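Q: Letter by letter, the sequence shown follows residues 1 to 868 in full-length UniProt numbering.
Ideal Cβ placement from N, Cα and C applies to all residues, glycine included.
Just so you know, these numbers come straight off a predicted model, no measurement behind them.
Pasting in a structure now, in structure tokens, and then I'll have a few things to ask.
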Amino acid sequence: MNISELLANTLSSDARLRADATQQLEVICRNHWSVYMHMLSQELVNEQSPSHIRSASGLALKNSLTSKERYRQEEYNQKWLSLEQSLKQQIKQNTILTLASQDGKAGQAAAQFIAAIAAIELPINQWPELMATLVQNVSEGQNSNLKQASLQAIGYICETVDPNNLAAQSNAILTAVVQGARKEEPNSSVRLAAVSALFDSLEFVKENFEREGERNYIMQVVCEATQSEDVRVQITAFGCLVRIMQLYYDKMKFYMEKALFGLTVLGMKHDDEKVALQAVEFWSTVCEEEIDVNLEIQEALENGISSERENFQFAKIALPEVLPVLLQLMCKQDEDVDEDEWNISMAAGTCVQLFSQCVEGIIVGPVLTFVEANIRSDDWKRREAGVMALGSILEGPDPKLLETLMQEALPVLISMMSDPVVQVQDTTAWTLGRISDLVINAISPEIHLPSLIHALLNGLNANPRIVSNCCWALMNLSEQLDGCSYGSKQQTSIMSPYFENIVSSLLGVTERTINENNSRTSAYEALSTIVTHSSLDMIPIVSRLLIVILERLERTIAFRDQIIGVDERTNHEKHQSNLCNTLTSIIRRLGADARPSSDRIMTILFQLIQSASRQSIIHEDVFLAISALTLVLDGYFCVYLDSFVPFLYSALSNIEEYQLCSIAVGLIGDISRALGDKVIPYCDNFMTHLLQNLQSSVLHPNVKPVILSCFGDIALAIGSNFMKYLEVVMQLLQQASIIYSTPDQGYEMIDYVNQLREGIVEAYVGIVQALKEEKKSNPLLPHIPHIFRFLAMMHNIHDKSESLTRAMIGLLGDLADIIPSNQISSMFQEEWVNECLKQGRTKPGYSSATKEIARWSTEQIKAVINGK
1 MNISELLANT
11 LSSDARLRAD
21 ATQQLEVICR
31 NHWSVYMHML
41 SQELVNEQSP
51 SHIRSASGLA
61 LKNSLTSKER
71 YRQEEYNQKW
81 LSLEQSLKQQ
91 IKQNTILTLA
101 SQDGKAGQAA
111 AQFIAAIAAI
121 ELPINQWPEL
131 MATLVQNVSE
141 GQNSNLKQAS
151 LQAIGYICET
161 VDPNNLAAQS
171 NAILTAVVQG
181 ARKEEPNSSV
191 RLAAVSALFD
201 SLEFVKENFE
211 REGERNYIMQ
221 VVCEATQSED
231 VRVQITAFGC
241 LVRIMQLYYD
251 KMKFYMEKAL
261 FGLTVLGMKH
271 DDEKVALQAV
281 EFWSTVCEEE
291 IDVNLEIQEA
301 LENGISSERE
311 NFQFAKIALP
321 EVLPVLLQLM
331 CKQDEDVDED
341 EWNISMAAGT
351 CVQLFSQCVE
361 GIIVGPVLTF
371 VEANIRSDDW
381 KRREAGVMAL
391 GSILEGPDPK
401 LLETLMQEAL
411 PVLISMMSDP
421 VVQVQDTTAW
431 TLGRISDLVI
441 NAISPEIHLP
451 SLIHALLNGL
461 NANPRIVSNC
471 CWALMNLSEQ
481 LDGCSYGSKQ
491 QTSIMSPYFE
501 NIVSSLLGVT
511 ERTINENNSR
521 TSAYEALSTI
531 VTHSSLDMIP
541 IVSRLLIVIL
551 ERLERTIAFR
561 DQIIGVDERT
571 NHEKHQSNLC
581 NTLTSIIRRL
591 GADARPSSDR
601 IMTILFQLIQ
611 SASRQSIIHE
621 DVFLAISALT
631 LVLDGYFCVY
641 LDSFVPFLYS
651 ALSNIEEYQL
661 CSIAVGLIGD
671 ISRALGDKVI
681 PYCDNFMTHL
691 LQNLQSSVLH
701 PNVKPVILSC
711 FGDIALAIGS
721 NFMKYLEVVM
731 QLLQQASIIY
741 STPDQGYEMI
751 DYVNQLREGI
761 VEAYVGIVQA
771 LKEEKKSNPL
781 LPHIPHIFRF
791 LAMMHNIHDK
801 SESLTRAMIG
811 LLGDLADIIP
821 SNQISSMFQE
831 EWVNECLKQG
841 RTKPGYSSAT
851 KEIARWSTEQ
861 IKAVINGK
């Protein structure tokens, strides 16, 4: 059987034939990869082959080089780069030729495969002629199919390749893309491909946007495209405006005044909902950007520096024109629409919420006028829109301004929980949840609370789509009114009289076998939250709830062998996950009262791990439950450790499931804190796994800061016994501390470096305190200069969290306490040390704990400087 027949069979309606063909292709791919790639490229370029076969070939080629998993992507990169050069060149040539095909789907598939190759080769300066070839195809070609496919390839490349690797060719790319996007382009499909490519290229044409002439031309082309006769082009052009506002808000003042305001207001009124959606998204983006600008300005003020950003008040200026349009769009609900399907009324409601956060109190008046005119309407769509509008303005304006208004609205809203229309009930439950979250003082415990809870509990027995919002409202009431948390000694609370009834009602929802509209999951989440915030007088009920949850978990384990089918297994695992999460909350709330059930709990958790597949979601939830139990059992947890560590090591080695791996690392920290020096027999294995993972090039970077922090936990637990690991750990901490990020590397890298630095500080804190307790300072002396350099660098970062600042100050105090003054005095006299301590003592908003640590550290450092 040839490759064409196999590809055809993978698309067959016959499941057996489809599975057999897929398996054969996988065998060829695995055992004869180079042959497989060449055969697919030959099929892709073959003009005699059916369109669906050519498309399938292109998709198979792309999938052979792309993966969302980083370690798998690196494997694909190496396979491609090690391919024989002549064969690689032939595959590329076949793909480039396919761009000119009269079969547009084949051309698009080729464009996707070209982008997959480019993502591998361009970063290492291979295939240098690619972009020039694509640009030439667009600029000089007469073949519309070639132009369209080449533009698609440019767009896909811009979407997948690091902008830094394309910056040198940005002018040529932009010229080709803008040329294709102009209104003079006669072929609307080419213009659509060009506008799409422009969207994908916007991030790396920053230099072009800095030049006014080029910026004006780009904006002109995009604005003209919003008026195209082809709706597809209009939709994509408005999407470009959204992206431009995200990236270049600071350059938009002139264009908002001249064109964008009018274009987008007209766009929101467009008959085609997809166009209107993009125009609404534009104003949502304006609000998001201005909210961010305000935060940056506020942050700069708090740090005593001037902000480079300016808020142009686009949202405030546009409110009188845009808000009425949004409110009318909120009335355009579709009775039969899937509630998960994004539509214009949802988009308009979200946009009103963002306007409320952005412009604050000035939105209240016009929205209330709309609410009063519609909330009692005979038309359910207007009733629902009125309730939605009311719920949408609760974040942003001063709560004091809203309290009286919500007190007046609550009786009406509570009565609307019995509205005959499900959509109105659902939005009412959401609005009540928003009031419970954001304007809690409007809810009188005596006047409103009894009828409110009664209405929400009735909602739990109504249509499943209402259940989630009812659960959310109950969660907010519990969080806001109970005022309790794990370990709280508060005897009773406002919610105590309702607690047992709420638990009973939620358990009723969780007994449903089908998780329709996520209702069962929502009920379990609500149970977890109200348990977390319960007062002491509710502990007996929480203890009984523990038994219910354990019995349910035991039933799910016994039922596992009866499961048939993937969907049923997924539903079953999700149910077990919900039960585990609820169990975790119960253990944390009960504290020592959970100890008598620990054997039963651990037996169940072990059975869950043993019965789950390696990729099952249940592992993470089981580990979190065990983490909670370690904190409750303290040293007694050691009786379970021998049975548990094989599962722990397996999770640490499962680097593909990096979130599970991260939880496992955190669990080592929990175990170390709980067991203290009883953990010493396990530390060699713990450290071996942690060090291997830290040096892995495949493990997701987000796990590594957690590992560094874990070193501190182990050090604190075993004291001077950590000496055997000290040198290698200090060397790794020093290597990690020189990793830095720059603004152009993106938020993920910046966030990773920040987490890494916090992990380094936490590791140093644990190590220094461990050696301090053992009066062993000498091994630290060679590392002190580097620690000070690192802390000095950290001090100069303006947007540190309070917890990080507190850890740094505490570390300075510990160093002063442990190191002989004659060897460290000069370091403490550096100006940044005094500034750091002063910040901890005096910065507005810092907690008393931070200020107390700063005062203690100041005294320790004064003693060192004075030679005491």
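Closer than 6 Å by C-beta to A21: which residues in its own chain qualify, once you throw out the five before and the five after it? Chain order, please.
A: L6, N9 and T10
Q: Could you compute how far the alpha carbon of S597 sits from the alpha carbon of C710?
A: Straight-line Cα distance between these residues: approximately 28 Å.
Q: Just how far apart, CA to CA, sit N294 and G391?
A: Going from the Cα of N294 to the Cα of G391 covers about 23 Å.
Q: Please go through the region 330 to 372 and give each complete alpha helix (DSSP H) segment of 4 or more residues, from N-terminal end onward.
A: 344 to 359
Q: Are the region 200 to 214 and the region 144 to 158 in contact at 8 Å, needing three or more beta carbon pairs?
A: Cβ pair count under 8 Å is three or more, so yes.
Q: Please report the Cβ distance between Y217 and V275, rounded to the nearest whole angstrom; I am assuming they are in contact, meaning their Cβ atoms lie under 8 Å.
A: Actually they are not in contact, since the Cβ atoms of Y217 and V275 sit about 24 Å apart, beyond 8 Å.
Q: What residue does the alpha helix (DSSP H) around T404 start on, and which one ends it?
A: Per DSSP, T404 belongs to the alpha helix (DSSP H) from P399 to M416.
Q: With DSSP collapsed to three states, give me the class of N171.
A: helix
Q: Let's see if you can read the secondary structure: which residues bound the alpha helix (DSSP H) around K92?
A: Bounds of the alpha helix (DSSP H) holding K92 are Q85 to T98.
Q: Is E554 near the ligand NAD, with its Cβ less than 7 Å from a heavy atom?
A: With respect to small molecules bound, the structure shown includes none, and the ligand NAD cannot be examined in it.
Q: Which of the three DSSP states is assigned to M39 in this structure?
A: helix
Q: Of the choices L151, I28 and K253, whose alpha-carbon is the least far from that of A193?
A: L151
Q: Over what stretch of residues does the alpha helix (DSSP H) that includes W472 continue unbroken?
A: P464 to L477
Q: Output the distance between the C-alpha atoms of L633 and A455, rounded to the nearest integer angstrom.
A: 40 Å
Q: Leaving out five residues before and five after I344 in sequence, what residues of the same chain have Cβ atoms less than 8 Å from its Cβ?
A: E273, A276, L277, V280, L329 and K332
Q: Could you work out which residue in A60, N866, L17 and S504 is closest to W33 when comparing CA atoms only?
A: A60
Q: Could you compute how far the alpha carbon of R841 sits from the alpha carbon of A763?
A: 24 Å
Q: When the distance is taken between beta carbons, is D426 closer than 8 Å to I466?
A: yes
Q: Near S451, which residues of its chain fall below 6 Å by C-beta distance, leaving aside the five closest residues on each side in sequence?
A: I414
Q: Taking only three categories from DSSP, how would you classify M538?
A: helix
Q: Taking Cβ to Cβ, would you say L323 is nearer than 8 Å to F355?
A: yes
Q: Between E229, V205, N208 and R215, which lies nearest to N187 when the distance is taken from Cα to Cα?
A: E229
Q: Is the number of C-beta pairs between the region 354 to 374 and the region 308 to 320 that are closer than 8 Å three or more?
A: yes
Q: From this set, A807, P779 and L781, which residue's C-alpha is nearest L791's C-alpha?
A: Here the closest residue by C-alpha is A807.
Q: For the alpha helix (DSSP H) that contains K724, what are its first and last residues?
A: M723 to S737
Q: Could you tell me whether the region 83 to 99 touches the region 31 to 47, where touching means 3 or more Cβ pairs closer than 8 Å?
A: With the cut-off at 8 Å, the region 83 to 99 and the region 31 to 47 touch.
Q: What span of residues does the alpha helix (DSSP H) with D677 cover, start to end?
A: Premise fails: D677 is in no alpha helix (DSSP H) and is neither H nor E.
Q: H52 to Y76, Cα distance in whole Å?
A: 25 Å
Q: Run through DSSP, which three-state label would M252 get?
A: coil
Q: With distances taken from CA atoms, which of G262, I244 and I760 is nearest F788?
A: When each option's Cα is compared against that of F788, the closest is I760.
Q: For A172 and P123, what's the separation of their Cα atoms in angstroms?
A: 18 Å
Q: With a CB to CB cut of under 7 Å and the five nearest residues on each side skipped, what residues in its chain are close to V509?
A: L460, V467, S519, R520 and A523
Q: Give me, in chain order, the residues of the same chain whose beta-carbon lies closer than 6 Å to that of G396; leave out the 5 immediate sequence neighbours on both sides.
A: S356, Q357 and E360
Q: Nearest to L410 by alpha carbon, out of D379, D398, I443 and P420?
A: Taking only the C-alpha atoms, the option nearest L410 is I443.
Q: How long is the line joining the alpha carbons of A225 and D670, rounded to whole angstroms?
A: 58 Å
Q: Report the rounded CA-to-CA distance for D14 versus Q24, giving the unit in angstroms.
A: 16 Å
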